[in-house]
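So the sequence shown is numbered by my numbering: it starts at 331 and just counts up by one.
The C-beta atom is built at its ideal place from N, Cα and C for all residues, glycine as well.
Given the structure is predicted, the values throughout are model-derived calculations rather than measurements.
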Amino acid sequence: MSSTTLTGTLPDTAAQPCSDATTTRTARARGWLATLPGRVGAALLRCLVAGWRYAWTVYAVIRLGLLWPSFCGNTSLAEQRTRSRDGNTKITVHRVPRVKLTEVSQHGWRMRVKVRPGQHLGHYLDAAAALRHLARAQAVKPRELWDHPGFLEISVLRRDPLRRVLERPRELAPGRIVVGATETGAPLVLDFREQPHWLVSGATDSGKSSLIAAGLSALAPTSAVLVSWDLKFGIEAEPFRPRFTDVVTTAAGVATWCQRLLALAGSRAELLKALRVGSVSEAEDVHGIALRRVYVFCDEVAELATKHDDTNPDELLRQVLRLTQLCRAMGIHLIVAGQRFGSDLGKTVTSIRAQLGGRVCLRVNDEETAKMVLSGLDLDVHQRAMTLPHKGMAIVQRRAEWEYARASYQTGPERAAIAARHGDKAISWQQLLDDDATATANHHDTERGQR
Ligand SMILES: Nc1ncnc2c1ncn2[C@@H]1O[C@H](COP(=O)(O)OP(=O)(O)O)[C@@H](O)[C@H]1O
Ligand SMILES: [Mg+2]
Numbered sequence: 331m332s333s334t335t336l337t338g339t340l341p342d343t344a345a346q347p348c349s350d351a352t353t354t355r356t357a358r359a360r361g362w363l364a365t366l367p368g369r370v371g372a373a374l375l376r377c378l379v380a381g382w383r384y385a386w387t388v389y390a391v392i393r394l395g396l397l398w399p400s401f402c403g404n405t406s407l408a409e410q411r412t413r414s415r416d417g418n419t420k421i422t423v424h425r426v427p428r429v430k431l432t433e434v435s436q437h438g439w440r441m442r443v444k445v446r447p448g449q450h451l452g453h454y455l456d457a458a459a460a461l462r463h464l465a466r467a468q469a470v471k472p473r474e475l476w477d478h479p480g481f482l483e484i485s486v487l488r489r490d491p492l493r494r495v496l497e498r499p500r501e502l503a504p505g506r507i508v509v510g511a512t513e514t515g516a517p518l519v520l521d522f523r524e525q526p527h528w529l530v531s532g533a534t535d536s537g538k539s540s541l542i543a544a545g546l547s548a549l550a551p552t553s554a555v556l557v558s559w560d561l562k563f564g565i566e567a568e569p570f571r572p573r574f575t576d577v578v579t580t581a582a583g584v585a586t587w588c589q590r591l592l593a594l595a596g597s598r599a600e601l602l603k604a605l606r607v608g609s610v611s612e613a614e615d616v617h618g619i620a621l622r623r624v625y626v627f628c629d630e631v632a633e634l635a636t637k638h639d640d641t642n643p644d645e646l647l648r649q650v651l652r653l654t655q656l657c658r659a660m661g662i663h664l665i666v667a668g669q670r671f672g673s674d675l676g677k678t679v680t681s682i683r684a685q686l687g688g689r690v691c692l693r694v695n696d697e698e699t700a701k702m703v704l705s706g707l708d709l710d711v712h713q714r715a716m717t718l719p720h721k722g723m724a725i726v727q728r729r730a731e732w733e734y735a736r737a738s739y740q741t742g743p744e745r746a747a748i749a750a751r752h753g754d755k756a757i758s759w760q761q762l763l764d765d766d767a768t769a770t771a772n773h774h775d776t777e778r779g780q781r
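See the structure below:
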């Protein structure tokens with residue numbers, strides 16, 4: 331907006347030439363003031379809704395506290411004694427497991443139970459359905475507390491925060507992105523510093539591509555380099571095409587990218603050795619040298635194991651395995667999605683899967699697949715993965731822990747708009763190499779200056 335237009339609308343005292351910066355600031359302030367009532371109204375409404383939900387949770391907790399002894403008696407978690415005297419029968423409950431409330435939120439609560447002698451997690455899993463009805467809750471989840479033997483934690487999810495996910499995909503810090511919400515209403519964070527590679531598995535229409543799209547939306551505004559391996563003709567990658575450095579649709583293209591990324595990992599390893607640090611994250615934290623992170627998204631991973639053009643699938647999988655093994659600390663991340671990624675697809679698949687430490691299991695059709703993705707978790711969790719109620723809802727595993735989560739959902743046009751807005755941040759492979767070279771040269775200059 332020109333300064334002439336603006337000064338015309340201001341009072342006489344302000345009718346004097348002013349700089350472009352001042353006019354922009356004034357216009358911005360006016361815009362902000364104009365939207366203030368709407369934003370205050372929305373914030374007030376949010377507070378009211380949260381307060382109302384919180385009050386209901388408190389009511390439900392008090393109700394459960396009053397009914398807990400009789401619940402334990404009816405479900406054999408406590409001892410129930412019947413006494414008859416003068417024709418009257420009296421039932422009393424003894425040795426009720428002690429409970430302590432550990433967290434209350436608008437969506438539900440957590441409580442810690444002291445298990446009685448002879449009891450274990452199985453007893454509480456058997457009683458979970460009855461507790462769900464008693465607490466009038468969406469879900470009840472008992473779990474072991476590894477650092478507190480003798481106690482269990484029961485999470486009660488009164489209201490389902492995953493019915494409608496309002497979490498905006500975004501980057502929290504380099505390598506840490508929000509892609510949705512978890513069962514407690516907290517943001518669902520994919521932490522690539524902790525787990526450099528991720529496996530997303532689920533049946534057709536379970537939400538794999540939508541989860542990938544949420545990840546891309548979070549990364550689009552950042553300086554990350556995004557690459558798509560989409561051997562399903564590149565259809566899913568299409569909305570984000572302007573933001574991708576490359577969309578690979580052939581096995582030969584994937585092989586080329588494996589070679590490129592391995593070469594990049596090699597040159598970054600030299601820099602890390604010179605800096606005496608173990609990873610790209612450490613180089614940034616300790617020396618302030620920020621190398622661009624590279625994220626490779628591979629939708630329908632089974633296609634990598636299928637024979638395309640002249641590329642040998644076994645050889646290709648071997649290269650992918652090398653990539654996952656050697657690039658863990660180099661800021662090069664692989665996010666793989668597929669219906670099934672089992673050993674029937676190739677000899678190296680099991681080894682690749684072992685390298686994909688981050689696990690997201692959407693709805694699956696068979697227990698075998700759930701077991702493959704959520705390895706090391708109980709049978710009960712595998713069965714839950716087959717009955718997830720919403721599209722896009724998933725079980726996210728973090729070592730021995732797991733939680734329900736759901737990705738934020740963007741429609742095709744929304745995805746295309748995000749990609750178009752941030753299309754200028756897509757850089758070429760050559761520019762990535764140049765940026766790395768500049769970072770290395772800067773480091774050498776600083777070192778020479780210090781000497
Ligand atoms: N997180 C989500 N929230 C809401 N709806 C979703 C979500 N994820 C998927 N869906 C719905 O499911 C449909 C299929 O999702 P998609 O990601 O294409 O599945 P897949 O890639 O596993 O076949 C989408 O068109 C959308 O309607
Ligand atoms: Mg898909």
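DSSP places G510 within a strand segment (E or B) once states are collapsed to three. When C-alpha distances from F481 are compared across A599, M702, M441, A756, the shortest belongs to M441. Note on F574: 16 or more other CB atoms within 10 angstroms of its CB, so buried under the neighbour-count rule.
Residue side-chain check: S539 places its Cβ nearer than 6 angstroms to a non-hydrogen atom of ligand 2. For Y384, the shortest C-beta to heavy atom distance toward ligand 1 is 6 angstroms or greater. Beta-bridge analysis with DSSP links N418 to R415. For Q589 and S738, the gap between their C-alpha atoms comes out near 33 angstroms. Within the DSSP secondary-structure output, R442 pairs in a beta bridge with K430, E483. In the structure shown, the three-state DSSP call for V650 is helix. Contact between V666 and C691 fails: their C-beta atoms lie close to 13 angstroms from each other, not under 8 angstroms. DSSP places R729 outside any alpha helix (DSSP H), giving it a letter other than H or E.
Exclusion of A632 from the 6 angstroms shell around ligand 1 follows from its C-beta lying no nearer than that to any non-hydrogen atom of the ligand. Note on geometry: alpha-carbon atoms of A724 and A715 lie some 7 angstroms from one another.
Boundaries of the beta strand (DSSP E) harbouring V530: 528–531, taken from the DSSP string. By the neighbour-count criterion, in which a residue is buried when 16 or more other Cβ atoms sit within 10 angstroms of its Cβ, D560 is buried.
Per DSSP, W559 is not a residue of any alpha helix (DSSP H); the beta strand (DSSP E) it occupies stretches across 555–560. Nearest C-alpha to A533 among R571, A357, P743, R693: R693.
Our two residues, Q740 and R506, have alpha carbons roughly 20 angstroms apart in a direct line.
Distance check between L407 and each of Y454, A390, G417 places Y454 closest, using alpha-carbon atoms only. For L518, the enclosing beta strand (DSSP E) has its first and last residue at 517–521. With a cut-off of 6 angstroms, the C-beta of K471 is classified as distant from ligand 1, since no heavy atom of the ligand falls inside that distance. For R590, the enclosing alpha helix (DSSP H) covers residues 581–605.
S435 has its Cβ no nearer than 6 angstroms to any heavy atom of ligand 1. Taken atom to atom, the span from the alpha-carbon of T365 to that of R658 is near 45 angstroms.
Here R683 is actually not in contact with Q727; their C-beta atoms are around 13 angstroms apart, not less than 8 angstroms. Per DSSP, K538 is one residue of the alpha helix (DSSP H) stretching across 538–549.
One alpha carbon belongs to V578, the other to S705, and they sit about 30 angstroms apart.
As computed with DSSP, F627 is found in a beta bridge with S558, I665.
Straight-line measurement puts the Cα of A467 at about 45 angstroms from the Cα of L653. Listed as beta-bridge partners of G688 by DSSP are W528. Counting the other Cβ atoms within 10 Å of the Cβ of T387 gives 16 or more, which makes it buried.
With at least 16 other beta carbons inside 10 angstroms of its own, V703 counts as buried. Secondary structure remark: continuous beta strand (DSSP E) runs of at least 3 residues inside the stretch 355–396: none found.
The alpha-carbon separation between T717 and W382 amounts to approximately 30 angstroms. Spatial neighbours of T419 in its own chain (CB-CB distance under 8 angstroms, excluding positions within 5 residues in sequence) are listed in chain order as T412, R413.
Membership of A771 in the alpha helix (DSSP H) is indicated by the continuous run 759–780.
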